[in-house]
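S.K.: First the structure, then my questions, so here it is.
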Amino acid sequence: MLILDILSIPLIDSATHGSADHYYAKKQALMVAISLVVLVLGLAIDHRDLVEMSPWLYGLNGALLVLVLFVGKTVGGSTRWIPLGFFDLQPSETAKVVTILFSARLLSRWEEPPKGLLGLGAYYFWTAVPIVLIMRQPDLGTAMVLIALCTGSLYFGGTPGRRIAKLVLAGVLAIALVLCLHFYAGMPLPLHDYQLKRLLTLFNPNADPLGTGYQVLQSKIAIGSGSLWGKGLGQGTQNRLDFIPEQHTDFIFSVVGEELGFVRGLGVLALYFLICYRCLVAAITSTDRVGTLVAGGVLSMFVFQIAVNVGMTMGIMPVTGVPLPFLSHGGTALLTNSYAVGMVLNVGWRKHKILF
6 MLILDILSIP LIDSATHGSA DHYYAKKQAL MVAISLVVLV LGLAIDHRDL
56 VEMSPWLYGL NGALLVLVLF VGKTVGGSTR WIPLGFFDLQ PSETAKVVTI
106 LFSARLLSRW EEPPKGLLGL GAYYFWTAVP IVLIMRQPDL GTAMVLIALC
156 TGSLYFGGTP GRRIAKLVLA GVLAIALVLC LHFYAGMPLP LHDYQLKRLL
206 TLFNPNADPL GTGYQVLQSK IAIGSGSLWG KGLGQGTQNR LDFIPEQHTD
256 FIFSVVGEEL GFVRGLGVLA LYFLICYRCL VAAITSTDRV GTLVAGGVLS
306 MFVFQIAVNV GMTMGIMPVT GVPLPFLSHG GTALLTNSYA VGMVLNVGWR
356 KHKILF
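What follows is the structure in structure tokens.
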């Protein structure tokens, strides 16, 4: 994680072309320093206490999500941030950790994992409030992350993998059916037109190469042009000439592919694999059910975000605005992910007897 944190600084500086006095790089460096303090907090606070407090955290985060709709800061058509003067708080990011904790609380108190439509409906129902509020911002990507980590938590809560696979397949088929009803029967969807077009771009980005498909096509060109070893930091033409929108946030992996190349890009993915592997080890070796669920929830969150973000820069996943953990520019996201890693470390520590 620390290697990715440090690497994010020159990557963001390159993606923003040094900006005015390297503003974004300096801001990222400051947030990295703060994130290490947040990680220590995650390590110091017993994850079991947080799970017990999760209903209060759920209520507080819900209130912040409502507050965003009234006093939130709008950037690029999305209202996701509460300006605090020194920092812009993004409650949709903190909702991820709260969801992990609340899911762990529910599943740890049930004698067996939820079964059938009623059981699953009761489990997913409580996520409806934050998801609806997040969709109002609008932020489809984070809403998808909440659903994904809840589903991953089911597996660590004892639901068989085959049942999880059937649930995911049913979800995909349901989405396909809803899209068909929208296009052929005029059924309304809770999505903006641009969000729907982004999803459909996955199947044919060349249909609108100067519109909705532009970002993905330019990203694929950038990654492919990096070849084996890349063009060098700050030397990427697609990056330097601003062919890729949002290259310092959601599309930072395009800069990785172009400037660091295929081999070093694999090295970055290997670091992510190591983080996910250690989350899995913490979940498997935890001596309490709550620890397994917390570490498993963090693992589900990271796997989904990494797969979707890297996939969308390569054109094999829909563009949904999911940031790449630790590399994308974004203060609240970095702090949230760092705290999540701290919780996993805490789970690992708690399996040994602590004498102080």
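Offset between the sequence shown (1-based) and my numbering: plus 5.
Every residue, glycine too, gets a C-beta built ideally from N, C-alpha and C.
The model shown is predicted, which means the values in this text are computed figures rather than measured ones.
(1) Return the CA-CA distance between M192 and L184, expressed in angstroms with no decimal places.
(2) Find out if the Cβ-Cβ distance for the pair A20, Q220 is shorter than 7 angstroms.
(3) Would you say the stretch 301 to 312 touches the stretch 154 to 171, given that touching needs at least three Cβ pairs under 8 angstroms?
(4) By alpha-carbon positions, which one of K120, P143, D18 ends up nearest to T79?
(5) Report the residue ranges of all beta strand (DSSP E) runs contained in full by the stretch 261 to 319; include only those spanning at least 3 residues, in chain order.
(6) Just to confirm, is the Cβ distance from I257 to L332 under 7 angstroms?
(7) Could you give the uninterrupted runs of the beta strand (DSSP E) lying entirely in the stretch 61 to 110, keeping only those of 3 residues or more?
(8) How long is the line joining the alpha carbons of T325 and V313, rounded to whole angstroms?
(9) To the nearest angstrom, how far is it from the Cα of L205 to the Cα of W131?
(10) Report the rounded CA-to-CA distance for H27 versus A38, giving the unit in angstroms.
(11) With DSSP run on the structure shown, which of helix, strand or coil describes H22?
(12) Quick one: what's got a C-beta closer than 7 angstroms to M319's C-beta in the same chain, skipping five residues either side?
(13) Nearest-angstrom Cα distance between W86 and R168?
(14) Which same chain residues, not among the five before or five after T164, have their C-beta less than 7 angstroms away from its C-beta?
(15) Which whole-angstrom value is the C-beta distance of V260 and G270, which I expect to be below 8 angstroms?
(16) Out of curiosity, what's the CA-to-CA distance linking A68 and V134?
(17) What is the DSSP secondary structure of P165, reduced to helix, strand or coil?
(18) Note down the Cα distance separating I321 from L207, rounded to an integer number of angstroms.
(19) Which of the three DSSP states, helix, strand or coil, is assigned to E57?
(20) Suppose the cutoff is 6 angstroms on Cβ atoms and the five residues either side in sequence are ignored; what does the same chain contact list for Y160 look like?
(21) Do you know offhand how far G126's Cα is from T242's?
(22) Roughly how many angstroms lie between the CA atoms of L94 and Y282, to the nearest whole one?
(23) Roughly how many whole angstroms lie between the Cα atoms of M36 and S232?
(24) Residue range of the alpha helix (DSSP H) that S1 falls in?
(25) Taking the Cβ atom as the reference point for each residue, do P96 and L70 lie within a distance shorter than 7 angstroms?
(26) Closer than 7 angstroms by C-beta to T337: which residues in its own chain qualify, once you throw out the five before and the five after it? Chain order, please.
(27) Taking the C-alpha atoms as reference points, what is the distance between A190 and A179?
(28) In three-state DSSP terms, what is I321?
(29) Can you list, in chain order, the residues of its chain with a C-beta nearer than 8 angstroms to that of I359? Leave out the 5 residues immediately preceding and following it.
(30) Check I139 in the structure and name its three-state DSSP category.
(31) Please confirm if Q243 has its CB atom under 7 angstroms from at least one CB of chain B.
M.R.: In terms of the structure at hand:
(1) As a first step, residue 192 must be located in the sequence shown, where it is residue number 187. As a first step, residue 184 must be located in the sequence shown, where it is residue number 179. One alpha carbon belongs to M192, the other to L184, and they sit about 9 angstroms apart.
(2) Mapped onto the sequence shown, residue 20 falls at position 15. Mapped onto the sequence shown, residue 220 falls at position 215. No, the Cβ-Cβ distance between A20 and Q220 is not below 7 angstroms.
(3) Taking a cut-off of 8 angstroms on C-beta distances, the stretch 301 to 312 touches the stretch 154 to 171, as three or more cross pairs fall below it.
(4) In the sequence shown, residue 79 corresponds to position 74, counting from 1. The candidate whose alpha carbon is nearest that of T79 is P143.
(5) As far as the stretch 261 to 319 is concerned, it has no whole beta strand (DSSP E) run of at least 3 residues.
(6) Within the sequence shown, residue 257 is the residue found at index 252, counting from 1. Within the sequence shown, residue 332 is the residue found at index 327, counting from 1. Yes, the Cβ-Cβ distance between I257 and L332 is below 7 angstroms.
(7) For the stretch 61 to 110, whole beta strand (DSSP E) runs of length 3 or above, ordered along the chain, are 78 to 80, 83 to 88.
(8) Along the sequence shown, one-based indexing puts residue 325 at 320. Along the sequence shown, one-based indexing puts residue 313 at 308. Their backbone Cα atoms lie some 8 angstroms apart in a straight line.
(9) Position 200 of the sequence shown, counted from the start, is the residue given in the question as residue 205. Position 126 of the sequence shown, counted from the start, is the residue given in the question as residue 131. L205 and W131: Cα-Cα distance of roughly 29 angstroms.
(10) Residue numbering aside, residue 27 sits at position 22 when the sequence shown is read from its first letter. Residue numbering aside, residue 38 sits at position 33 when the sequence shown is read from its first letter. Each residue's alpha carbon lies about 17 angstroms from the other.
(11) If you number the sequence shown from 1, residue 22 lands on position 17. Three-state DSSP puts H22 in coil, outside helix and strand.
(12) Position 314 of the sequence shown holds residue 319. Taken in chain order, the residues that qualify are K225, I228.
(13) Here the question's residue 86 lines up with position 81 in the sequence shown. Here the question's residue 168 lines up with position 163 in the sequence shown. Cα to Cα, the separation comes out at about 37 angstroms.
(14) Indexing the sequence shown from 1 puts residue 164 at position 159. So the qualifying residues of the chain are P118.
(15) Taking the first residue of the sequence shown as 1, we reach residue 260 at position 255. Taking the first residue of the sequence shown as 1, we reach residue 270 at position 265. Contact flag wrong, Cβ pair sits at about 10 angstroms.
(16) In the sequence shown, the residue the question calls residue 68 occupies position 63. In the sequence shown, the residue the question calls residue 134 occupies position 129. Computed Cα separation, rounded: 11 angstroms.
(17) Residue numbering aside, residue 165 sits at position 160 when the sequence shown is read from its first letter. Coil at P165, not helix or strand.
(18) Counting from 1 along the sequence shown, the entry for residue 321 is found at position 316. Counting from 1 along the sequence shown, the entry for residue 207 is found at position 202. When rounded, the distance between both Cα atoms is 7 angstroms.
(19) For this step, residue 57 is matched to residue 52 along the sequence shown. Helix, per DSSP.
(20) Here residue 160 refers to the residue found at position 155 when the sequence shown is read from its first residue. Setting aside the 5 residues that flank it on each side, Y160 is surrounded in the same chain by I169, each with a C-beta closer than 6 angstroms to its C-beta; the list follows chain order.
(21) Position 121 of the sequence shown, counting from 1, holds the residue named residue 126. Position 237 of the sequence shown, counting from 1, holds the residue named residue 242. Each residue's Cα considered, the two are about 49 angstroms apart.
(22) Reading the sequence shown from its first residue, position 89 is the one you call residue 94. Reading the sequence shown from its first residue, position 277 is the one you call residue 282. Approximately 30 angstroms, taken between the alpha carbons.
(23) Taking the first residue of the sequence shown as position 1, residue 36 is located at position 31. Taking the first residue of the sequence shown as position 1, residue 232 is located at position 227. When rounded, the separation of the alpha-carbon atoms in M36 and S232 is 32 angstroms.
(24) Nothing in the structure corresponds to residue 1, since the chain is present only between 6 and 361.
(25) Here the question's residue 96 lines up with position 91 in the sequence shown. Here the question's residue 70 lines up with position 65 in the sequence shown. Between P96 and L70, the CB-CB gap stays under 7 angstroms.
(26) Within the sequence shown, the letter at position 332 stands for residue 337. Cβ neighbours of T337 beyond the five flanking positions: L94, Q95, E98, T99.
(27) For the purposes of this step, residue 190 is taken as residue 185 along the sequence shown, with counting starting at 1. For the purposes of this step, residue 179 is taken as residue 174 along the sequence shown, with counting starting at 1. Answer to the nearest angstrom: the Cα atoms are 15 angstroms apart.
(28) One-based indexing of the sequence shown puts residue 321 at position 316. Looking at I321 - three-state DSSP - the assignment turns out to be coil, as it is neither helix nor strand.
(29) Position 354 of the sequence shown, counting from 1, holds the residue named residue 359. Per-residue confidence for I359 stands at a pLDDT of 49, beneath the threshold of 50, marking its modelled position as unreliable; no derived number is given.
(30) Within the sequence shown, numbered from 1, the residue matching residue 139 stands at position 134. Helix.
(31) The chain inventory of the structure shown lacks chain B, comprising one protein chain alone.
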